[in-house]
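> This is the structure I want to talk about, given as structure tokens.
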């Protein structure tokens, strides 16, 4: 139990002991102390941390993306790597400071790193919407688009129309670029 002065006094036999100091909303401090007679432990300072919650969705801004990877960095150091849950959310506890993050998920375009600052309070709403990557193959003049959209994403006419841009080759030499407009249907 911690006294009013923030000190803890324990009666321990001589020996080596591991310790952990925890307090809600703070990073846990750990260490080892060697007790021999009357031993004073150095001051253990706890650093406040704040929850930063990321929400990753599809382009519509509401459909969650589970299994997306979020890498949080501070300068050149990686602070944490998170994976979103079924609701597209992931949370990390960070101390005050400047950070950036990137989001990746197979089959989606990777957006640029985004900077943010933790300044004495939680950040519950860092949201990123990812765009689905469409892969195309051209065989004997036929374009095949490998993309199976969710019905909710193509509910309006503007969501159904896509334009595919492709290169035209003669042998290994590109001779032009063409576009084709197509209408998506949900599978």
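Numbering (the working numbering), first residue to last: -17 to 169. From the three backbone atoms N, C-alpha and C, an ideal C-beta is built for every residue, glycine too. None of these values were measured; they are calculated from a predicted model.
1) Could you tell me the alpha carbon to alpha carbon distance between residue 134 and residue 13, rounded to whole angstroms?
2) Comparing C-alpha positions only, which one of 8, -12, 100 sits nearest to residue 170?
3) Ordered along the chain, which non-local residues of its own chain (more than five positions away) have a Cβ less than 6 Å from that of residue 18?
4) Rounded to the nearest angstrom, how far is the Cβ of residue 147 from that of residue 163, given a contact under 8 Å?
5) Quick check on residue 155: does DSSP put it in helix, strand or coil?
6) Starting from the Cα of residue 66, find the closest Cα among 76, 38, -7 and give me that residue.
7) Report back the beta-carbon spacing between residue 188 and residue 46 to the nearest angstrom; my notes put them in contact at under 8 Å.
8) Alpha carbon to alpha carbon, how far is residue -12 from residue 29? Give it in angstroms, no decimals.
9) From what residue to what residue does the beta strand (DSSP E) around residue 65 run?
10) Return the first residue and the last residue of the beta strand (DSSP E) that residue 112 is part of.
11) With distances taken from CA atoms, which of 112, 75, 42 is nearest residue 95?
12) Locate the beta strand (DSSP E) running through residue 32, then write down its first and last residues.
13) Ordered along the chain, which non-local residues of its own chain (more than five positions away) have a Cβ less than 6 Å from that of residue 23?
14) Alpha carbon to alpha carbon, how far is residue -9 from residue 86?
15) What's the C-alpha gap between residue 26 and residue 33?
16) Tell me the DSSP secondary structure of residue 79 in three-state form.
17) Considering residue 12, what are the terminal residues of the beta strand (DSSP E) in which it resides?
18) So for residue 136, helix, strand or coil by DSSP?
According to the structure data:
1) In this predicted model, residue 134 has a pLDDT of only 47, less than 50, meaning its place in the structure is not dependable enough to derive any value.
2) Outside the shown range of the chain (-17 to 169) lies residue 170, about which nothing can therefore be said.
3) The residues -4, in chain order, have a CB closer than 6 Å to that of residue 18 in the same chain once the five nearest residues on each side in sequence are set aside.
4) Going by Cβ atoms, the distance from residue 147 to residue 163 rounds to 11 Å, so no, they are not a contact pair.
5) Note: residue 155 maps to strand in three-state DSSP.
6) Nearest C-alpha to residue 66 among 76, 38, -7: 38.
7) In the structure displayed, the chain extends from -17 to 169; residue 188 sits before or after that span and is not available.
8) Distance between the alpha carbons of residue 29 and residue -12: 15 Å.
9) Boundaries of the beta strand (DSSP E) harbouring residue 65: 59 to 65, taken from the DSSP string.
10) Per DSSP, residue 112 belongs to the beta strand (DSSP E) from 105 to 112.
11) The shortest C-alpha separation from residue 95 is found at 112.
12) Bounds of the beta strand (DSSP E) holding residue 32 are 32 to 40.
13) Within its own chain, the residues whose Cβ lies closer than 6 Å to the Cβ of residue 23, once the five positions on either side in sequence are excluded, are 15, listed in chain order.
14) Those two C-alpha atoms are separated by around 49 Å.
15) Those two C-alpha atoms are separated by around 22 Å.
16) Residue state, collapsed to three classes: strand.
17) Unbroken beta strand (DSSP E) run through residue 12: 11 to 17.
18) Caution is warranted here: a pLDDT of 48 is assigned to residue 136, below 50, making its placement in the model unreliable, and no coordinate value can be reported.
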